[in-house]
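One line per chain: the protein sequences are A and B, in this order.
Letter by letter, the first sequence follows residues 18 to 322 of my numbering.
Letter by letter, the second sequence follows residues 43 to 367 of my numbering.
Every residue, glycine too, gets a C-beta built ideally from N, C-alpha and C.
Just so we're clear, the structure is a prediction, and the values are computed from it rather than from any experiment.
Report on the following structure.
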Amino acid sequence: MPDSVSSSRTRTVPPLAETPRRVAILRKLHGRPTARGTLIILAVLALIIMIAPFFAPQNPYDLANLSIMDGRLPPRSTAMDGHMYLMGTDDQGRDMFSAILYGIRISLLVGLSAVAIATAIGSFVGLLAAYVGGRIDAALMRLVDFVLGFPSILVALVLLAVLGRGVDKVILALVLVQWAHYARIMRGRALQERRKEYVEAAMNLGFPAWRIMLVHLLPNCVGPILVYATVQIAHAIALEATLSFLGVGVPITEPSLGLLIANGFQYLLSGDYWISLFPGLALLFLILTINILGDRLRESLDPRR
Amino acid sequence: MALFILRRLIQSLFVLLAVSIVVFFAVYAVGDPIELLVSPEASLADRQQMIARLGLDLPVWQQYAGFMWRALHGDMGTSFVQGVPAISLILQRLPATFELVVAAMLMTCVFGIPLGLLAGLRRDTALGRGILATSVLGFSLPAFWLGMMLILMFAVWLGWLPASGRGDTVSVLGVPFSFLTRDGLAHMAMPALNLALANVALILRMTASGVAEAESQEYVKFARAKGIRPRRIVNRHILRNILIPVVTVVGLEFGQLIAYSTITETVFAWPGMGKLLIDSVYQLDRPVVVAYVMFVTFLFVVINLIVDIMYAALDPRVQLSAPAH
Chain A
18 MPDSVSSSRT RTVPPLAETP RRVAILRKLH GRPTARGTLI ILAVLALIIM IAPFFAPQNP
78 YDLANLSIMD GRLPPRSTAM DGHMYLMGTD DQGRDMFSAI LYGIRISLLV GLSAVAIATA
138 IGSFVGLLAA YVGGRIDAAL MRLVDFVLGF PSILVALVLL AVLGRGVDKV ILALVLVQWA
198 HYARIMRGRA LQERRKEYVE AAMNLGFPAW RIMLVHLLPN CVGPILVYAT VQIAHAIALE
258 ATLSFLGVGV PITEPSLGLL IANGFQYLLS GDYWISLFPG LALLFLILTI NILGDRLRES
318 LDPRR
Chain B
43 MALFILRRLI QSLFVLLAVS IVVFFAVYAV GDPIELLVSP EASLADRQQM IARLGLDLPV
103 WQQYAGFMWR ALHGDMGTSF VQGVPAISLI LQRLPATFEL VVAAMLMTCV FGIPLGLLAG
163 LRRDTALGRG ILATSVLGFS LPAFWLGMML ILMFAVWLGW LPASGRGDTV SVLGVPFSFL
223 TRDGLAHMAM PALNLALANV ALILRMTASG VAEAESQEYV KFARAKGIRP RRIVNRHILR
283 NILIPVVTVV GLEFGQLIAY STITETVFAW PGMGKLLIDS VYQLDRPVVV AYVMFVTFLF
343 VVINLIVDIM YAALDPRVQL SAPAH
């Protein structure tokens, strides 16, 4: 049992040593079949996305490639030129399988970049608030409370209603609704770390504030933020899909999974289920995998286990 | 208590003020207010009249004061599309959304708490683990896709329930409600379930982990040692203690439900406020969007205030004098 080995290791190591614990966490994570499974799935997904242009049966954006005669064909039907549409086609005669491969790309791009930017901004604000304290801390935290007082879907929706469609605008909206969460978590964590002696030692050595914040505090606070960020990737992807479904997200020229689902909505009532069903399953699969990974990551980081 | 409420009231006023400033600058200062607030089809004379009426020739702070003055008197502009005051359009749609949200909250409690109790008490059995594992789906399923799949299942394939609309309504004190007619209930079933599902998962997991934590507490062990019947232990000792956070979360989720109702209402063509917002965004009916933002902000400030006060009243450990942190 790798679990018992690693936990007995952590017990014998004095609490000062951080590195062995990090190794133990990785080992613990590796020892869980579901965690390993989700990591492998995500790696495969990343690979598929990178090679999608070579791999997909059709370039879904190239209009010359599409034939309107092949519109709304059910799954496993044959095209005019003889090849098979595994997941059917949409109203434009676009191969759904190819569209999904490209759609996952856009969904992941938006989710990952939004979370990366939001994490960076939020962490910085939280760190600053915890380190400086006083009025700046109070002001920043009031701002965080203010932002978190409203549901993210509504804020993003209204923002995009004003800004218009676009991949960059969706990312901006997602960052604006998510950074405050990271700021709050980072501040809580940094406040605990700030009291420790190594910070005092660094201050007595006369290091500048930015160095203490970035070199000393940040590495020790980053754990919970990373766990949260993992789950938030799934959240960001779902939010982007929802916004695109509502018609304020990515533009039609760059369809994410959410927009593909939305395109199929009008044909749903006539029973053409595949246009919405398969992109939805892909979206669900993506979100579920990331959620489970985040869950396992949290369990592995939890010192009580 | 009075001091606490007063303090929160003042805080709430500041939040409202902040939002009004943000909205004001978004609409009047950054964008071209004429472009935003006057219909593209308006004549030149209409435009001149509008500039004078909105006071756009005045300094910025006077413009803001005018904006606030009109807002406080319920004048949030006139819808381009329907030609009636935006705020009355929103108020007209409010009952439909309210009805849907309340139905979803009821479903959340009816399914979430018992299933959570079951999963928490039987957490070492296949049933308990199965319930908890399935609840992860509730978080992961994007609500709009789930709604579409519900339509596909129950309206297209099985033909049991209607796919869209509100159905027959009955007027109570001049306000139409769907839940009083059979047809209305049939129309409400899918949207309410769709709206409730994420919250069912949340409440279920909260209840389950609360039960697990309470069971390891001394007072439960003591009650068991006294020989109290298991049913009484669950009802009196466990459930009572975990209900405080659960009630708080259900209350907090009220606001979330109003926000998420925009999605459900769009999928099921339910004629509520959320559908109105999405339609207005499509039709570039900006006065309605602005009025919606101000109205929903007000609603959220009130909800947050009520939840804080309820939380303080329910849990004696919450210090009323200190600001909630």
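Could you tell me which of A:Gly311, A:Pro272, A:Arg313 and A:Asp312 sits nearest to Ser115 (chain A), measuring between CA atoms?
Cα-wise, what sits closest to Ser115 (chain A) is A:Pro272.
Within its chain, find whatever has a CB closer than 7 Å to the CB of Ala228 (chain B); leave out the 5 residues flanking it on each side and keep chain order.
These residues qualify, in order along the chain: Leu203, Pro204 and Gly209.
My output table needs one value for Asp17 (chain A): the three-state DSSP class, helix, strand or coil.
Outside the displayed range of chain A (18 to 322) lies residue 17 (chain A), so it cannot be described from this structure.
Among the residues of its own chain, which have a CB less than 7 Å from the CB of Ser24 (chain A), if the five just before and after it don't count?
Because Ser24 (chain A) sits at a pLDDT of 42, beneath the cut-off of 50, its placement in the model cannot be relied upon, and the point is left open.
Does any CB atom of chain A fall closer than 9 Å to the CB of Ile348 (chain B)?
Output row for Ile348 (chain B): interface = no.
Have a look at Phe368 (chain B) and Leu142 (chain B) and give me their C-alpha separation to the nearest angstrom.
Residue 368 (chain B) lies beyond the range of chain B shown here (43 to 367); nothing can be said about it.
Using 10 angstroms around the beta-carbon of Pro236 (chain A), count the other beta-carbons present and answer buried if the total reaches 16, otherwise exposed.
Per the 10 Å Cβ criterion, exposed.
Closer than 7 Å by beta-carbon distance: list the chain B residues that pair up with Pro168 (chain A), in chain order.
Going along chain B in sequence order, the residues near Pro168 (chain A) (Cβ under 7 Å) are Gly297, Gln298 and Ala301.
How is Pro127 (chain B) classed by DSSP in three states: helix, strand or coil?
If DSSP states are grouped into helix, strand and coil, Pro127 (chain B) belongs with the strands.
Would you say Arg50 (chain B) reaches chain A, if we count a Cβ-Cβ gap shorter than 9 Å as a contact?
Closer than 9 Å: no.
Looking at C-beta atoms only, is the number of pairs between the region 290-298 of chain B and the region 119-138 of chain B that lie closer than 8 Å three or more?
Cβ pair count under 8 Å is below three, so no.
Chain B contacts from the region 290-307 of chain A (Cβ-Cβ distance under 7 Å)
Here the close residues are Tyr290, Ser293, Gly297, Leu300, Leu301, Ile304 and Leu305.
List, from N- to C-terminal side, the alpha helix (DSSP H) runs of 4 residues or more that fit wholly inside the region 305-341 of chain B.
For the region 305-341 of chain B, the continuous alpha helix (DSSP H) assignments of 4+ residues that do not extend past its boundaries occur at 315-324, in sequence order.
DSSP beta-bridge partners of Val219 (chain B)
According to the sequence as given, residue 219 (chain B) is Phe; it is not Val. B:Val212.
Residues of chain B with CB closer than 7 Å to the CB of Val179 (chain A), please, in chain order.
The contacting residues are Ala68.
Could you name the residues of chain B that Ile278 (chain A) contacts, counting a contact when the two beta carbons are closer than 9 Å?
Proximity of chain B to Ile278 (chain A) at the Cβ level (cut-off 9 Å) is accounted for by Pro184, Phe186, Trp187 and Met190, in chain order.
Could you name the residues of the same chain whose beta carbon sits closer than 6 Å to that of Leu193 (chain A), not counting the 5 residues immediately before and after it, in chain order?
For Leu193 (chain A), where only same-chain residues beyond five positions count, there are no Cβ hits under 6 Å.
Return the CA-CA distance between Leu163 (chain B) and Val253 (chain B), expressed in angstroms with no decimal places.
Straight-line Cα distance between these residues: approximately 7 Å.
Boundaries of the alpha helix (DSSP H) in which Tyr245 (chain A) is found, first to last residue:
Counting along the chain, the alpha helix (DSSP H) containing Tyr245 (chain A) begins and ends at Leu235 to Phe262.
Where Asp166 (chain B) falls: helix, strand or coil (DSSP)
Coil, per DSSP.
Against chain B, does Leu33 (chain A) count as a neighbour if the rule is that its beta carbon must be under 9 Å from one of theirs?
Any reading at Leu33 (chain A) needs caution, since the residue's pLDDT is 45, under 50, leaving its predicted position unreliable; the model's value is listed next. Taking Cβ atoms only, chain B never reaches closer than 9 Å to Leu33 (chain A), which makes this a no.
Using a 10 Å radius around the Cβ and a threshold of 16 neighbouring Cβ atoms, would you call Phe264 (chain B) buried or exposed?
By the neighbour-count criterion, in which a residue is buried when 16 or more other Cβ atoms sit within 10 angstroms of its Cβ, Phe264 (chain B) is exposed.
Integer Cβ distance of Phe262 (chain A) from Phe186 (chain B), believed to fall under 8 Å:
The Cβ separation is near 5 Å, so the contact holds.
If I follow the unbroken alpha helix (DSSP H) through Asn241 (chain B), where does it start and stop?
Asn241 (chain B) -> alpha helix (DSSP H) spans Arg224 to Glu257.
At which residues does the alpha helix (DSSP H) containing Lys213 (chain A) begin and terminate?
Judged by DSSP secondary structure, Lys213 (chain A) falls outside any alpha helix (DSSP H); it is assigned neither H nor E.
Local conformation of Asp117 (chain B) per DSSP, three classes
When secondary structure is reduced to three states using DSSP, Asp117 (chain B) falls in the coil class, being assigned neither helix nor strand.
Shorter than 8 Å, the distance from the beta carbon of Thr249 (chain B) to the closest heavy atom of the ligand FMN, or not?
Judged by which ligands are present, the structure shown has none, so any question about the ligand FMN falls away.
Does Ile320 (chain B) pass the burial test, meaning 16 or more other C-beta atoms within 10 Å, or should it be called exposed?
It counts as buried.
So for Asp99 (chain B), helix, strand or coil by DSSP?
Asp99 (chain B) falls in the coil class under three-state DSSP.
Could you give the residue range of the alpha helix (DSSP H) that holds Met195 (chain B)?
It is not in any alpha helix (DSSP H) - Met195 (chain B) carries neither H nor E in the DSSP assignment.
Which same chain residues end up closer than 6 Å to Glu35 (chain A) when comparing Cβ atoms and leaving out the 5 residues on each side of it in sequence?
Any reading at Glu35 (chain A) must be qualified, since the residue scores a pLDDT of 49, below 50, and its modelled position is unreliable; no value is offered.
Under three-state DSSP, which class holds Glu185 (chain A)?
The residue asked about is misnamed: residue 185 (chain A) is Asp in this sequence, not Glu. Helix at Asp185 (chain A).
Other residues of its chain near Ile66 (chain A): CB distance less than 8 Å, five sequence neighbours each side excluded:
Excluding residues within five positions, the ones whose Cβ falls inside 8 Å are Leu118, Ile121, Arg122 and Leu125.
Any beta carbon of chain A sitting closer than 9 Å to that of Thr139 (chain B)?
It does not; no Cβ of chain A falls within 9 Å.
Consult DSSP for Asp312 (chain A) and reduce its assignment to one of helix, strand or coil.
Note: Asp312 (chain A) maps to helix in three-state DSSP.
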